[in-house]
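Okay, structure first, notes after.
Number of protein chains: 2
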Amino acid sequence: MDTTTLDLCKAAKAASTQIAALTTDEKNKALDAMASYLLDATDTILKANAEDVEAARGKITDVMIDRLSLSEARIEGMADGIRQLIDLPDPAGKVERTIVRPNGIKIQKTRTPLGVVAIIYESRPNVTSDAASLAFKSGNACVLRGGKESYRTSRAVVDALQAALKSCGITEDAVNLVSDLTHDSADVIMQAVGYVDLLIPRGGAGLIRHVTANAKVPCIQTGSGICHVYVDESADLDKAVNIVNNAKTQRPSVCNAEEVLLVHKDVAEKFLPMLKKVLVDGRKAAGETPVELRLCPRAAKIIDGKPAGPDDFDTEYNDYILSIKIVDSVDEAIEHIGLHSTHHSEAIVTETEENAKKFTTLVDSAAVYVNVSTRFTDGGEFGLGCEMGISTQKLHARGPMGLEELTTYKYVILGDGQIRN
Amino acid sequence: MDTTTLDLCKAAKAASTQIAALTTDEKNKALDAMASYLLDATDTILKANAEDVEAARGKITDVMIDRLSLSEARIEGMADGIRQLIDLPDPAGKVERTIVRPNGIKIQKTRTPLGVVAIIYESRPNVTSDAASLAFKSGNACVLRGGKESYRTSRAVVDALQAALKSCGITEDAVNLVSDLTHDSADVIMQAVGYVDLLIPRGGAGLIRHVTANAKVPCIQTGSGICHVYVDESADLDKAVNIVNNAKTQRPSVCNAEEVLLVHKDVAEKFLPMLKKVLVDGRKAAGETPVELRLCPRAAKIIDGKPAGPDDFDTEYNDYILSIKIVDSVDEAIEHIGLHSTHHSEAIVTETEENAKKFTTLVDSAAVYVNVSTRFTDGGEFGLGCEMGISTQKLHARGPMGLEELTTYKYVILGDGQIRN
Chain Y
57 MDTTTLDLCK AAKAASTQIA ALTTDEKNKA LDAMASYLLD ATDTILKANA
107 EDVEAARGKI TDVMIDRLSL SEARIEGMAD GIRQLIDLPD PAGKVERTIV
157 RPNGIKIQKT RTPLGVVAII YESRPNVTSD AASLAFKSGN ACVLRGGKES
207 YRTSRAVVDA LQAALKSCGI TEDAVNLVSD LTHDSADVIM QAVGYVDLLI
257 PRGGAGLIRH VTANAKVPCI QTGSGICHVY VDESADLDKA VNIVNNAKTQ
307 RPSVCNAEEV LLVHKDVAEK FLPMLKKVLV DGRKAAGETP VELRLCPRAA
357 KIIDGKPAGP DDFDTEYNDY ILSIKIVDSV DEAIEHIGLH STHHSEAIVT
407 ETEENAKKFT TLVDSAAVYV NVSTRFTDGG EFGLGCEMGI STQKLHARGP
457 MGLEELTTYK YVILGDGQIR N
Chain G
57 MDTTTLDLCK AAKAASTQIA ALTTDEKNKA LDAMASYLLD ATDTILKANA
107 EDVEAARGKI TDVMIDRLSL SEARIEGMAD GIRQLIDLPD PAGKVERTIV
157 RPNGIKIQKT RTPLGVVAII YESRPNVTSD AASLAFKSGN ACVLRGGKES
207 YRTSRAVVDA LQAALKSCGI TEDAVNLVSD LTHDSADVIM QAVGYVDLLI
257 PRGGAGLIRH VTANAKVPCI QTGSGICHVY VDESADLDKA VNIVNNAKTQ
307 RPSVCNAEEV LLVHKDVAEK FLPMLKKVLV DGRKAAGETP VELRLCPRAA
357 KIIDGKPAGP DDFDTEYNDY ILSIKIVDSV DEAIEHIGLH STHHSEAIVT
407 ETEENAKKFT TLVDSAAVYV NVSTRFTDGG EFGLGCEMGI STQKLHARGP
457 MGLEELTTYK YVILGDGQIR N
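Residue numbers (this note's numbering), protein chains in the order written: chain Y, 57 to 477; chain G, 57 to 477.
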């Protein structure tokens, strides 16, 4: 039993009452301080990050090293993410609806913080400040359990945030970083019934499966993204090349990157060579990593590539790999997505309104795009501020989880002695 | 493996696409038909119900027999419940929010049906029509697995509803009643990943514990209610007697009935004898079942009753039993509730605004009342139409689950070739 981690959860629960009682103004002042303290700590954070990166090199892929690496610009981005929260409306305490009944009772549907939000995540250190500040603005205390590769960085970030809270007279227990990086600490959090009100796993499919299968506390499935782009028979093929290229290569390590391309049979012969020219030949010529294409038998007759194996349409590579399948119709594309998607983000490229409508209605994913890259599924890109993760489940929250998704509500009913007849 | 039940889940999933595509007007016409067919089948339903009641007599408590029993008036109530849904707004398809970003992409947060809603419930047959009509109006297909005691009644109700759907050209698979009443069928539903989008257990604590601990499909914890009324030192004691009497005796078999009374020490000496006069002496004199009082040691010095045992403050009796504890302050009352409540409904009786505010802020339950009986926690009483259950969890839905709580949302994003920089 890892008492240290459980103690952190208990401390967070105890702190949650104080955090829930803060006014919006008090929270915004503290967020401003958090951003300033974070920027002031840039040198310390970069030093810690360099140690993390050095220690991880050779043990994780280059793509993972990219996720782990901070720069001055990325720290500025983290501070900006915190500052953006200041201008966003505070969901906590908001009376969403008031119902006055004929008997005079007044029912107020009132948004309230969840209490304690825990996040178990992998190597991206910007999650540390995003998660802490989002939990805080929505009135929650938090417990952060990052990956061991990024621990030094996260510790430096949390030190800065806690110093900022302290400078505002707020308990440091509002933000808790777990120092035990064995599996034990994750298990303790997953079992901390009564102390953790919501657990969000952020990371690869393995982590998310493990957490959702074993957690005894309420939990939200996030992030794992086998995202599809379907190029319809009526697609503008230049747009399609741009969108597929962007969705695949702009940042392949993230969950909203494309993993699978579906192409209508009637445009495949023209489209696939155009695409290969950009994803493979063009990138090679520019000295960039070319995309490895894994092709269904019909696509393999049109362009060169590796034959797609049985798992290639069910794997999130987070890498420069794209599986390609030719389909006979928009219906077959929708059916394929229904069977293989993780319900994160899918796009159709089409000039036919009817097919666009069919696709957006029948594809059962958090974000469904028409003629737009899947890379926009992101709280910031949606204008919702930074996010706690992308929910791929249907209950409670779907897509980017911002401030409101970190709250619940209660009904407060005021009366003067009313009884039920 | 109970293939019949799994087949029903699959049939519901297949039907869910048709149901999701119905217009509000088509759904409302079908609801009107459902209410009419139900009323037309009154004789058949009452006959089936009489058989159920006859078979159950002696095997379940009188209170449970009351839950099982239908009358012409109760069937009219069921039909009214269906008809009330016609006037309620249809949540499905509603664009809740539109965001246009600087790059021109248009993001529409669009409410959509969940797909298939399954309900595992115990003996109350009105749940059959409530659940089927709520699922239908919100655009979902449903799988109903009622208690074996009420099977004949539920079958007659579902026959009427399916005939109504058929008369409107809608697939009968929109409403499915499980005929296997062994535990196997419940297990099949709990494991039906990919076919059941939401499982709601309605019934006693044992059923709910079993389902939430074992379900692999998304599930909502409902109903179990250890509800408290706290009589503050400043309470109007006549109001308090009325409220406690109503919360305890108006219908003790339901989840929002009071189980535990907390009384401030400074009013206990005056209040408890007033209360006993009504709950015990008055009811005896009127030939009604008196309430059995289970008293903490301090209360036992003031009035007669049974001493409260160790489990009496943690048990939902659903019967004419009331556990009573004297507390020193509103804070002690709040703390007791935090430790023993099921987070369903709690009330304070007070004339002090500060204590009312403290109670509503710090009591972490779905419904928190000031000077009102807990018996109002109910979709109909809240003006939300009939309900699918009372959620006692914090995620997704809290309190009465009406139409909107049976839907999710997706983001539909429309553009013209936008890619991310």
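All C-beta atoms, glycine included, are put in the ideal place defined by N, C-alpha and C.
query = Does the separation of the CB atoms of arginine 350 of chain G and aspartate 368 of chain G fall below 7 angstroms?
reply = Going by C-beta atoms, arginine 350 of chain G is nearer than 7 angstroms to aspartate 368 of chain G.
key: Partner residues on chain Y for glutamine 474 of chain G, Cβ-Cβ distance less than 7 angstroms   = For a Cβ distance threshold of 7 angstroms, residue set Val428 and Ser429 of chain Y lies close to glutamine 474 of chain G, ordered along the chain.
message = For leucine 451 of chain Y, would you say it is in contact with chain G, using Cβ-to-Cβ distances shorter than 7 angstroms as the test?
response = True, the Cβ-Cβ gap to chain G drops below 7 angstroms.
message = Between G:Gly441, G:Thr430, G:Thr406 and G:Ala296, which has its C-alpha nearest alanine 303 of chain G's C-alpha?
response = The shortest C-alpha separation from alanine 303 of chain G is found at G:Thr430.
message = Please report whether the beta-carbon of arginine 167 of chain Y lies at a distance below 7 angstroms from any beta-carbon of chain G.
response = False, the Cβ-Cβ gap to chain G never drops below 7 angstroms.
key: Secondary structure of alanine 111 of chain G, DSSP reduced to three states   = Helix at alanine 111 of chain G.
7 angstroms CB neighbourhood of cysteine 224 of chain G in its chain, flanking five on each side removed = Annotation for cysteine 224 of chain G: Lys85, Ala86 and Ala89 place their beta carbon closer than 7 angstroms to its own, counting only its chain and skipping 5 residues before and after.
query = What span of residues does the alpha helix (DSSP H) with valine 267 of chain G cover, start to end?
reply = It spans 261-270 - the alpha helix (DSSP H) in which valine 267 of chain G sits, taken as one unbroken run.
message = Please tell me whether glycine 441 of chain G and leucine 95 of chain G are closer than 7 angstroms, where the distance is taken between their beta carbons.
response = No, they are not a contact pair.
request  = Take the Cβ of asparagine 270 of chain G as the centre, count every other Cβ of all protein chains shown within 10 Å, and call the residue buried at 16 or more, exposed below.
outcome  = Around the Cβ of asparagine 270 of chain G, a 10 Å sphere holds fewer than 16 other Cβ atoms; the residue is exposed.
message = Less than 7 angstroms between the C-beta atoms of lysine 272 of chain G and valine 249 of chain G, yes or no?
response = Yes, Cβ-Cβ distance for lysine 272 of chain G and valine 249 of chain G is below 7 angstroms.
message = I'd like the ranges of any alpha helix (DSSP H) spanning at least 4 consecutive residues and lying wholly in the segment 245-320 of chain G.
response = As far as the segment 245-320 of chain G is concerned, its whole alpha helix (DSSP H) runs of at least 4 residues are 261-270 and 293-305.
key: contact_flag[the segment 279-297 of chain G, the segment 102-112 of chain G] where n(CB pairs < 8 angstroms) is 3 or more   = No, they do not touch.
ask   = Between the segment 270-291 of chain Y and chain G, which residues of the former have CB atoms less than 8 angstroms from a CB of the latter, in chain order?
value = Within the segment 270-291 of chain Y, the qualifying residues are Pro274 and Ile276.
key: chain G contacts from the segment 152-184 of chain Y (Cβ-Cβ distance under 7 angstroms)   = The segment 152-184 of chain Y vs chain G, Cβ under 7 angstroms: Ile155, Arg157, Ile161, Ile163 and Leu170.
Start-to-end residues for the beta strand (DSSP E) that takes in threonine 464 of chain Y = Unbroken beta strand (DSSP E) run through threonine 464 of chain Y: 463-474.
task = Give the secondary structure of tyrosine 376 of chain Y by DSSP, where H, G and I count as helix, E and B as strand, and everything else as coil.
result = It is coil, neither helix nor strand.
ask   = Under a Cβ-count criterion, where at least 16 other Cβ atoms within 10 Å of its own Cβ denotes burial, should glycine 365 of chain G be classed as buried or exposed?
value = With fewer than 16 Cβ atoms within 10 Å of its Cβ, glycine 365 of chain G is classed as exposed.
ask   = By the criterion of Cβ-Cβ separation under 7 angstroms, what are the contact partners of phenylalanine 432 of chain G in chain Y?
value = Within 7 angstroms Cβ-Cβ: Ile161, Ile469 and Arg476.
inquiry  = Against chain G, with Cβ distances strictly below 7 angstroms, would aspartate 58 of chain Y count as a contact?
reply    = Model confidence at aspartate 58 of chain Y stands at a pLDDT of 47, short of 50, so the residue's coordinates are unreliable; what they give is reported in the following sentence. Taking CB atoms only, aspartate 58 of chain Y has no neighbour in chain G less than 7 angstroms away.
inquiry  = I want to verify the contact list: residues of chain G whose CB lies under 8 angstroms from the CB of valine 424 of chain Y, in sequence order.
reply    = For a Cβ distance threshold of 8 angstroms, residue set Lys466, Tyr467, Val468 and Ile469 of chain G lies close to valine 424 of chain Y, ordered along the chain.
key: Segment contact, 8 angstroms Cβ cut-off, at least three pairs: the segment 228-238 of chain Y with the segment 251-258 of chain Y   = As far as the Cβ criterion goes, the segment 228-238 of chain Y does not touch the segment 251-258 of chain Y, which means the pair count is below three.
Within chain C, partners of glutamine 306 of chain Y - CB distance below 9 angstroms = The structure shown contains no chain C; the protein chains it does contain are Y and G.
request  = Output the boundary residues of the alpha helix (DSSP H) element that contains valine 213 of chain Y.
outcome  = That run of the alpha helix (DSSP H) goes 207-223.
request  = Have a look at aspartate 58 of chain G and lysine 333 of chain G and give me their C-alpha separation to the nearest angstrom.
outcome  = With a pLDDT of 47 at aspartate 58 of chain G, under the threshold of 50, the modelled position of that residue is not reliable, and the figure given next carries that caveat. Those two C-alpha atoms are separated by around 54 angstroms.
Below-7 angstroms beta-carbon distance, arginine 454 of chain G vs any chain Y residue = Interface residue, yes.
query = Does DSSP put serine 447 of chain G in a helix, in a strand, or in coil?
reply = In the displayed model, serine 447 of chain G falls within a strand according to three-state DSSP.
query = Quick one: Cα of alanine 37 of chain Y to Cα of isoleucine 469 of chain G, how far?
reply = What the structure shows of chain Y is the stretch from 57 to 477, and residue 37 of chain Y is not part of that stretch, so it cannot be assessed.
Chain G contact residues for aspartate 253 of chain Y, given Cβ-Cβ distances below 7 angstroms = Contact of aspartate 253 of chain Y with chain G by beta-carbon distance below 7 angstroms involves Lys450.
key: Straight-line Cα distance separating glycine 259 of chain Y from serine 127 of chain Y   = Answer to the nearest angstrom: the Cα atoms are 21 angstroms apart.
key: Collapsed DSSP secondary structure at serine 421 of chain G in the structure displayed   = In this structure, DSSP gives serine 421 of chain G a state outside helix and strand, which the three-state scheme calls coil.
query = Does lysine 295 of chain Y get closer than 7 angstroms to chain G when you measure Cβ to Cβ?
reply = For lysine 295 of chain Y, the nearest CB of chain G lies under 7 angstroms from its own CB, placing it at the interface with that chain.
inquiry  = Per the DSSP calculation, glutamine 74 of chain Y is bridged to which residue(s)?
reply    = Glutamine 74 of chain Y pairs with nothing; no bridge assigned.
key: Where aspartate 58 of chain Y falls: helix, strand or coil (DSSP)   = The pLDDT assigned to aspartate 58 of chain Y is 47, lower than 50, so where the model puts this residue is not dependable; a value taken from the coordinates is nonetheless given after this. For aspartate 58 of chain Y, the three-state secondary structure derived from DSSP is coil.
message = Buried or exposed for serine 210 of chain G, going by 16 or more other Cβ atoms inside 10 Å?
response = Classified as buried, serine 210 of chain G has 16 or more neighbouring CB atoms from the shown chains inside 10 Å of its CB.
inquiry  = Quick check on the burial criterion: 16 or more other C-beta atoms within 10 angstroms. Buried or exposed for leucine 200 of chain Y?
reply    = Buried is the call here.
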